[in-house]
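For the record, the sequence lines run as chains A and B. Reading the first sequence from the start, the letters are residues 0 to 46 in numbering that gives the first Met the number 0. Reading the second sequence from the start, the letters are residues 0 to 134 in numbering that gives the first Met the number 0. Ideal placement from N, C-alpha and C gives every residue a C-beta, glycine not left out. Just so you know, these numbers come straight off a predicted model, no measurement behind them.
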Amino acid sequence: MSEELFRDFWWLMFPVFGMVMAILGMARGDAYQDAVIRDAREKLERK
Amino acid sequence: MDFEELFRDFWWLLFPIFGMSMGLIGMLQTESRNQQVMRLIKSYLDQGKEPPPELLKLASQPNDYGTNMSGVASPGQRNSSVWNFVVFFALAAGFSVGYWFVRGEAYAFAFLIVAVTMGVLALGALFISLTSRRP
């Protein structure tokens, strides 16, 4: 049953990989922007 | 109805649900971050200080949700549309060839769906790059 499902939907690996990469890319971009905001806030509070 | 049957009937829902989720999350995060950046810049200016260049860069970079209301595309944005056209066209061509090779199989329609979607996105990118005005 599961082998048959895999045979029918193996190609879904590629779009799912794309989705995972999109999520990782968004998370990395968000982390960078959060870091910039956090640094700017710390700099403002330090001065 | 077991899971396999349900999956066979509704696997295609993965794509619109993923797209909607990413769109919604991205929009909410962009909105919240833009407000934080603007508040921070205002705080810097209120104290008579120069905001850090990284913060200004963050505020000036275009986001994915079309806040550029002028209708005038920068050269970078136009290059991006041309690049999008090239990428989507290549994907449409690749999936069309894939569909041609497997057209006798039961799953061939999946290649056709992706090829048509990529083709429509390529046409959209081409339309945007041709109609965006130069500054």
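Nearest-angstrom Cα separation, counted from residue j out to residue i
| i | j | result |
| --- | --- | --- |
| F9(B) | A91(B) | 24 Å |
| V96(B) | Y31(A) | 39 Å |
| L129(B) | L11(A) | 34 Å |
| W82(B) | M0(B) | 45 Å |
| L19(A) | A121(B) | Residue identity check: residue 19(A) is Val in the sequence provided, not Leu. For V19(A) and A121(B), the distance between alpha carbons rounds to 23 Å. |
| E104(B) | V119(B) | 24 Å |
Proximal residues of chain C, C-beta to C-beta of residue i below 9 Å
| i | result |
| --- | --- |
| R40(A) | Considering every chain present, this structure includes no chain C. Its protein chains are A and B. |
Chain A contact residues for residue i, given Cβ-Cβ distances below 7 Å
| i | result |
| --- | --- |
| W11(B) | Residues of chain A passing the Cβ test: none, with the nearest at roughly 10 Å. |
| G106(B) | It is Tyr, not Gly, that sits at residue 106(B) in the sequence shown. Per Cβ cutoff of 7 Å: D7 and W10. |
Chain B contact residues for residue i, given Cβ-Cβ distances below 7 Å
| i | result |
| --- | --- |
| F8(A) | W10 |
Beta-carbon gap between residue i and residue j smaller than 8 Å
| i | j | result |
| --- | --- | --- |
| F94(B) | A124(B) | no |
| V36(B) | L13(B) | no |
Simplified DSSP assignment, three categories, for residue i
| i | result |
| --- | --- |
| T35(B) | Reading the sequence as shown, one finds Gln at residue 35(B) and not Thr. Residue state, collapsed to three classes: helix. |
| A124(B) | helix |
| K48(B) | coil |
| M68(B) | Reliability fails at M68(B), whose pLDDT of 39 lies under 50, so the model's placement of it is uncertain and the value that follows must be treated cautiously. Looking at M68(B) - three-state DSSP - the assignment turns out to be coil, as it is neither helix nor strand. |
| A114(B) | helix |
| E104(B) | coil |
Under 8 Å from the C-beta of residue i: neighbouring residues of chain A
| i | result |
| --- | --- |
| E53(B) | V35, D38 and A39 |
Beta-carbon neighbours of residue i, restricted to chain A and to distances below 9 Å
| i | result |
| --- | --- |
| G103(B) | The contacting residues do not exist; G103(B) stays about 15 Å from chain A at best. |
### Query
Using a Cβ cut-off of 8 Å, which residues of the segment 16–28 of chain A contact any Cβ in chain B, in chain order?
M18, A21, I22 and M25
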